[in-house]
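Add 58 to the 1-based position in the sequence shown for the working numbering, that's all there is to it. Reading through the structure tokens given below for one structure.
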Amino acid sequence: MTSTDSSKNEVSDSKIISGKQEQATKVTPKLKLWALAWPILIEQLTGVLVSFADIYFLSLLSDEIAATVGLLMPIILLGSFILPLFSTAGTAVACQLMGAQQTHRVVPTYMANVGICSLFALVLATPVWVFSSQIGLWFGMTETQNGYAHTFLFLIAFTFLPLGLRFSYSSILASRGLTHWNMIAALLTNGLNIFLNYVFIMGVLGFPKMGLEGVALSSIISYSVGALLLVAIVHLHVKIRFYLQGALVDMRNVIRPILQVGIPNAVEPMSYIAQSMFVSWVIVSLGVTAMGANTYAMRLLFFVIAVSWTLASAGQIIMSYYLGQGDIDRVKATFYRVLRYSIIFALTAVTAFAFFTDVFLEVFTEDTAIIELAHLLFLVALVMEPARMVNIIGGVALKSTGDGRFSATMSVTLIWSVVPFLIFLQKTGAGLVLLWVVLAIDEILRACFILYRWHTEGWRGKSAV
């Protein structure tokens with residue numbers, strides 16, 4: 059591959075890149091928001107489509123099975139949410155290094171990020187696998203529901219390591235503006251996942267009907283294929299070469315900035331997931347109707363959240379590069395533009411869900427009680443989702459500027475302050491709608507703090523590079 063072949067779509071240097079050669083090479087990612095965002099959007103939406111398909115196929119078995127797996131989402135998010143957030147630390151640091159023209163440190167950053175993410179994946183997967191037979195009971199599930207949970211979690215824990223590899227290699231391509239390769243890999247990976255879901259659930263092509271095990275097995279296979287595909291793209295096509303001689307010394311010099319961004323990136327969502335576990339505990343006590351309404355409503359809202367994360371990821375690349383150059387005005391302009399697009403989309407999408415709830419939910423269920431309850435949840439979401447967009451966009455922006463400590467401390471404090479109210483709701487038997495109102499208040503309060511921090515520019519001077 060020559061620079062002529064890829065000048066329009068890929069970074070300016072397309073020669074074989076190693077840690078030593080990078081020193082003399084100017085690397086400039088594309089800095090147009092939509093050019094970066096649309097491949098990430100396709101990648102995100104196909105991921106949401108897989109989650110949508112998982113619940114659809116499980117709903118063919120029963121609403122109870124689908125709802126049980128849906129309430130295990132906090133556990134599943136340890137792999138599919140925490141790991142990509144942690145891996146973006148490598149993206150942010152690499153982009154800042156490119157902006158500062160410290161290109162000799164870029165490949166060591168990639169190498170360190172892959173190692174850290176893989177180790178983190180193993181740390182997260184181990185307790186899920188070890189305690190898979192108990193987690194459902196901790197959520198207050200019945201023995202039958204816990205049996206479903208055990209079956210699913212015992213297998214899904216094996217997806218964490220390939221996800222760690224996949225997201226760390228994806229961050230390498232994202233830092234260079236090559237998000238279209240991530241999109242292609244995601245399309246192939248998630249397409250395979252949906253196909254295997256169909257094969258294993260429906261029992262076609264000579265395979266037996268595997269039920270719940272089939273959904274987990276399709277994830278293991280497809281995520282492993284996706285990880286290997288990205289490894290091949292990075293090393294064989296983009297020709298980024300890792301090296302051994304002097305690698306430990308070079309990586310040691312970049313681990314600190316990665317952790318400076320990565321730890322706040324992980325701490326805040328870890329607390330959010332812990333809060334979500336309490337939410338699941340409360341919802342289980344409300345019965346199968348509440349479980350189903352929450353699961354199906356959240357599957358639709360994941361499309362809104364995916365768009366927000368898409369814009370946040372693209373904005374992070376641009377803001378990190380400008381931050382490395384010291385161009386604060388462009389950093390701020392990018393933030394407000396991304397935030398505006400996200401809020402407009404959230405309001406539009408949730409309004410559609412609220413007006414046409416029966417149309418959307420009939421894909422999953424014919425239970426009118428579930429559909430009516432989900433309609434009320436979408437009305438609450440009209441207030442909650444714009445605030446969530448502020449938290450996602452603002453949180454990523456603050457972490458990219460090196461101000462992750464404020465975002466993490468503030469969010470963790472407010473997230474855990476909600477827990478006593480959740481316990482109270484569980485003890486009093488309050489309904490699901492009131493639970494969502496409490497969560498909406500939490501999102502709104504955090505959004506106010508993040509907007510204040512960004513407006514007062516308390517994040518300036520905290521760059522990791």
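Ideal Cβ positions, reconstructed from N, Cα and C, are used throughout, including at glycine. Computed from a predicted model, the values in this text were never measured in an experiment.
Our contact map puts residue i next to residue j with C-beta atoms below 8 Å; I'd like the distance itself, whole angstroms only.
i	j	result
Phe210	Leu270	6 Å
Phe144	Phe178	6 Å
Ile508	Ser329	No, Ile508 and Ser329 are not in contact; Cβ-Cβ is about 15 Å, not under 8 Å.
Leu275	Phe258	6 Å
Val408	Val362	6 Å
Ala432	Ala498	With a Cβ gap of about 16 Å, Ala432 and Ala498 do not count as contacting.
Leu480	Val273	That belief does not hold up - the Cβ atoms of Leu480 and Val273 are roughly 28 Å apart, past 8 Å.
Ala505	Met377	About 19 Å separates the two Cβ atoms, so there is no contact after all.
Leu405	Ser458	About 25 Å separates the two Cβ atoms, so there is no contact after all.
Ile530	Ala111	Not covered by the structure: residue 530. The range shown for the chain is 59 to 523.
Phe411	Ser109	That pair is no contact at about 16 Å.
If you follow the alpha helix (DSSP H) that residue i is in, where does it begin and where does it stop?
i	result
Val186	Val164 to Val188
Val389	Ile386 to Phe413
Ile291	No alpha helix (DSSP H) contains Ile291, which DSSP labels as neither H nor E.
Pro444	Thr426 to Ser458
Gln203	Glu201 to Ile214
Ile123	Asp121 to Leu129
Leu344	Careful: Leu344 lies outside any alpha helix (DSSP H) and carries neither H nor E.
Met260	Thr237 to Met260
Ser191	Here Ser191 belongs to no alpha helix (DSSP H), and DSSP marks it neither H nor E.
Gly222	Phe218 to Ser233
Glu501	Leu490 to His513
Taking residue i as the reference, give the member of the options with the closest Cα.
i	options	result
Leu358	Thr368, Leu107, Ile98 and Trp96	Leu107
Asn248	His238, Val283 and Phe393	Val283
Asn352	Trp239, Val438 and Ser191	Val438
Arg314	Ser469, Leu480, Ala170 and Thr126	Ala170
Asn449	Trp512, Thr409, Ile113 and Val476	Trp512
Val172	Leu129, Met468 and Val289	Val289
Leu369	Met335, Met356, Leu381 and Gly452	Gly452
Leu286	Asp461, Ala243, Lys297 and Val307	Ala243
Tyr227	Val389, Ala111 and Val296	Val296
Phe413	Lys267, Leu302 and Leu435	Leu435
Glu424	Ser120, Ser109 and Ile100	Ser120
Phe336	Ala372, Arg395, Asp461 and Pro478	Pro478
Leu130	Phe115, Ser117 and Tyr206	Tyr206
Gln318	Phe464, Met377, Leu118 and Leu221	Phe464
Tyr256	Trp339, Asp461, Ile375 and Ser117	Ser117
Phe189	Thr406, His293 and His208	His208
Pro132	Gly320, Ile252, Met309 and Ser338	Ser338
Ile214	Gly235, Ser191, Ala391 and Thr200	Ser191
Phe216	Leu493, Ile134 and Gly235	Ile134
Val491	Glu430, Val417 and Leu263	Glu430
Glu501	Tyr510, Met442, Ser475 and Met468	Met442
Excluding sequence positions up to five away, which residues of its chain have a Cβ less than 6 Å from the Cβ of residue i?
i	result
Leu245	Thr104
Thr149	Ser229, Ala232 and Ser233
Glu122	Val346
Ile291	Trp239
Val524	The shown model of the chain, from 59 to 523, leaves out residue 524, and the question about it has no answer.
Ile428	Thr347, Gly350 and Ala351
Gln97	According to the sequence as given, residue 97 is Pro; it is not Gln. Here the set comprises Thr237, His238 and Met241.
Phe403	Val365
Gly261	Lys267
Gln333	Ile473
Pro220	Tyr281, Ser282 and Ala285
Ser371	Ile98
Using a Cβ-Cβ cut-off of 8 Å (strictly less than) and excluding sequence neighbours within five positions of residue i, which residues of its own chain qualify?
i	result
Phe139	Pro327 and Ile331
Phe218	Leu136, Gly137, Leu141, Ala179, Leu180, Leu182, Ala183 and Val186
Ile113	Ala124, Val127, Gly128, Thr353, Tyr354, Arg357 and Phe422
Val495	Val438
Ile100	Met241, Ala244 and Leu245
Please list, in chain order, all residues of the same chain as residue i whose beta carbon is under 7 Å from its beta carbon, the five residues on each side excluded.
i	result
Ile279	Leu254
Leu195	Asn204
Ile316	Ala147, Gly148, Val151, Thr167, Ala170, Asn171 and Ile174
Glu515	none
Ile401	Pro444 and Met447
Gly222	Leu141, Cys175, Ser176, Phe178 and Ala179
Leu250	Ser280 and Val283
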